[in-house]
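Chains as they are written, first to last, in the numbering used here: chain H, 1 to 400; chain D, 1001 to 1400.
See below:
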């Protein structure tokens, strides 16, 4: 076994940004005991595209892993396979075992960008939950009261507002909590929206005669809109697999008011350093953050190009490093070396269909050599040109 | 298959005393369709001593069986085996599979005094409930909302009064309701206290694509105290296995105000006939009822003796038909043909111990030849005598 890192500095770093700890004292004790701990994270495999929001917790796990602790990812395939039997939630479609496993693998591949997945343990909770029979479920359910369950915010609200709560929904927190019993977790981490479920795990462990796990909750990263929690469906996210230029540009758009949270929750830059930078020059601070993120996910060499590209786009000029599409001139000889604008847009991949290409032109979204195209019926000479869509998609078209 | 009795008179007789029917119209339709129906009764095998309270429903089932329908007894061994995992209810101890089966057999032996158990079907619900896994339970639980479950009276009250309700308790009604799905019940009967559970079965059948069962509820017979529902633990019961004289005497004690219910719910005597008898002479009406009950459970010949015994006891005289205990005179020759009063009380079975025998004498509860014994240290001559305890326990002691 590795020698455990129990230094106060490492403990502080692992807990950076934590919102609540149950309980602080006993967590400190365990983290400095020199014993390797089992740290649990419940993963939702149904949405495998990771963004910076997901990295908030993953980076803390990385820190804990670096200290020598064992990170255990619980892929919630059990509930995934059941879906929502009442059919009320569209966000929880029924998945096959294979789909769930594929999602789980894709999820872990992305996690590998943040921490060492070889050292981590990945388990599927159907392993134990599928083995439980009705009597086991009754036994499990007997450990928890209705009143406690209804303390969960969303249940409280729905119950008060007379919105239906199906009985099976009350069982999900128990299933998730039982995961902690099954793996004998020492610590569970999660977003603040998971506090209730994490505490269920803690209490169930007590009922099953185990030492209750420590619970650490972390904030939900607010998205680029400055309002909602970062999510792909709200399109307010920075994906960790996005190209350097996109990442850099999106990072520049983070509202000033939440930039410090991004520093603290998604980078290693010390809080004081970030604060000082922001006080001195907020634009420069954004650039420091953007460069840091690109470096983290694409490496140092990608940073300069991303910065250059951002500058060029921001100034409205045509950037140097752009996609090149070559079109055989011979194909248009019959048509007098003319090409329809809509065909060109489609061929270069700026639109999937002529209809969509027309909408783009009508919406003033297409430029030819940096001048807005106005006539969607235009027939262009087959000469090399730069075609662009919006502010940051540029294609160099070469007729050969 | 037997020819089904669909006469209006038989239908009326089968429903005699019913409190609620869901739904009346469709039940009438099914009972007169000529099709054999599956009639479900959920039996509790943990309290197998049957009394008149249990017969209220069993007698209706007999009427339905006589019409040609199939009676299905569901022995709830599943919940019996689980017990109350929260340990809050002392009335639900955990039973082994063997205990539950034994209880079930003892229950059916007693049921045989009322209807033809050879024609009835007996099933144990662990057959299907034990096969359900966690996913099946979640699927089952998704069919029912919390709000509906909390409509059950006892839940409503406990929830309002902030008394804890364990989550597993919410699952029991579903398990019982699922029994109806498993056997595809056409009709379920039960006491008015079971109305909620019976309706759950009805709704679950609908969810599982079956024709919902008809539900018929019957009153809970009030016990001899005139207040509480008849039960062995409250000692306000008439057991169907009790001796004729005990049965007769207890029947004479039924409060006048509820005697008509006893006629309607526990005998075949027509309501009008019972009413007329009660109006003419309430004591005579009691005698009619008492004689009827003794006849039903012990046969016509037992009635005269039970009546005679009752008359004698009521007049304070020593009855003719009493238990005889023979004591070998030789055993007391050494002691000068004397026997201690306490020994005598114990030997005749009127008390389990000398200490209890002493308490009886001190409480003026023992008579020798119809005279109250006062000295618990008395040494009696070994001569034949009548020993009695209270008003109705008499023993003829013969020294031989």
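Where a beta carbon is used, it is the ideal one built from N, C-alpha and C, also for glycine.
| Check | Outcome |
| --- | --- |
| Within chain B, partners of residue 144 of chain H - CB distance below 9 Å | The chain labelled as chain B is not found among the protein chains of the depicted structure, namely H and D. |
| Cα-Cα separation between residue 44 of chain H and residue 14 of chain H, rounded to whole angstroms | 22 Å |
| Closer than 7 Å at the beta carbon, the chain D residues around residue 477 of chain H | Residue 477 of chain H lies beyond the stretch modelled for chain H, which goes from 1 to 400, so this question has no answer here. |
| Proximity winner among D/1393, D/1066, D/1029, D/1326, relative to residue 1243 of chain D (alpha-carbon distances) | D/1393 |
| Reduced DSSP category for residue 229 of chain H - H, G, I as helix; E, B as strand; rest coil | strand |
| Against chain H: residues of the region 1002–1035 of chain D by CB proximity under 9 Å | none |
| Sequence ranges, alpha helix (DSSP H) only - wholly within the region 135–172 of chain H, length at least 4 | 146–149, 153–160 |
| Neighbourhood of residue 1184 of chain D by C-beta distance below 7 Å, restricted to the same chain and skipping five residues each side | 1038, 1210 |
| Contact the region 92–112 of chain H vs the region 72–79 of chain H: 3+ CB pairs below 8 Å | yes |
| Extent of the continuous alpha helix (DSSP H) to which residue 197 of chain H belongs | 195–207 |
| Nearest residue (CA-CA) to residue 1032 of chain D, options D/1012, D/1150, D/1049, D/1017 | D/1012 |
| Any non-hydrogen atom of the ligand FMN closer than 6 Å to residue 206 of chain H Cβ | The model depicted lacks the ligand FMN and carries no ligand whatsoever. |
| Run of the alpha helix (DSSP H) containing residue 1258 of chain D, from where it starts to where it stops | 1256–1266 |
| Close Cβ partners of residue 1338 of chain D (< 6 Å) along its chain, the five nearest in sequence each way excluded | 1379 |
| Coil, strand or helix - residue 1179 of chain D by DSSP | helix |
| CA-to-CA distance, residue 1199 of chain D to residue 1023 of chain D, given in whole angstroms | 11 Å |
| Delimiting residues of the alpha helix (DSSP H) encompassing residue 1271 of chain D | 1271–1280 |
| Positions along the region 192–207 of chain H whose CB lies within less than 7 Å of some CB in chain D | none |
| Residue range of the unbroken beta strand (DSSP E) whose run includes residue 374 of chain H | Careful: residue 374 of chain H lies outside any beta strand (DSSP E) and carries neither H nor E. |
| Contact set between residue 149 of chain H and chain D, taken where Cβ atoms lie within less than 8 Å | 1167 |
| Chain D contact for residue 137 of chain H (CB, 7 Å cutoff) | yes |
| CB contact check: residue 132 of chain H to chain D, cutoff 7 Å | yes |
| Under 8 Å by beta carbon: chain H residues contacting residue 1141 of chain D | 166, 167, 168, 170, 171 |
| Listed by chain order, chain H residues near residue 1129 of chain D by CB distance under 7 Å | 134 |
| Straight-line gap, residue 197 of chain H to residue 16 of chain H (C-alpha atoms, nearest Å) | 22 Å |
| Contact between the region 108–127 of chain H and the region 152–167 of chain H (3+ Cβ pairs under 8 Å) | no |
| Residue 42 of chain H, enclosing beta strand (DSSP E) - first and last residue | 38–43 |
| Whole-angstrom distance between residue 1071 of chain D and residue 1382 of chain D, CA atom to CA atom | 58 Å |
| Cα-Cα separation between residue 90 of chain H and residue 195 of chain H, rounded to whole angstroms | Because residue 90 of chain H carries a pLDDT of 49, less than 50, the predicted location of this residue cannot be relied on, and the following value inherits that uncertainty. Distance between the alpha carbons of residue 90 of chain H and residue 195 of chain H is about 24 Å. |
| Inter-residue Cα distance where the pair is residue 8 of chain H and residue 264 of chain H | 18 Å |
| Among H/42, H/156, H/135, H/147, the one whose alpha carbon lies nearest that of residue 108 of chain H | H/42 |
| Rounded separation between residue 350 of chain H and residue 389 of chain H - CA only | 7 Å |
| Three-state secondary structure (DSSP) of residue 69 of chain H | coil |
| Counterpart residues of residue 1116 of chain D in DSSP-defined beta bridges | Partner(s): none; residue 1116 of chain D has no beta bridge. |
| Run of the alpha helix (DSSP H) containing residue 104 of chain H, from where it starts to where it stops | 97–111 |
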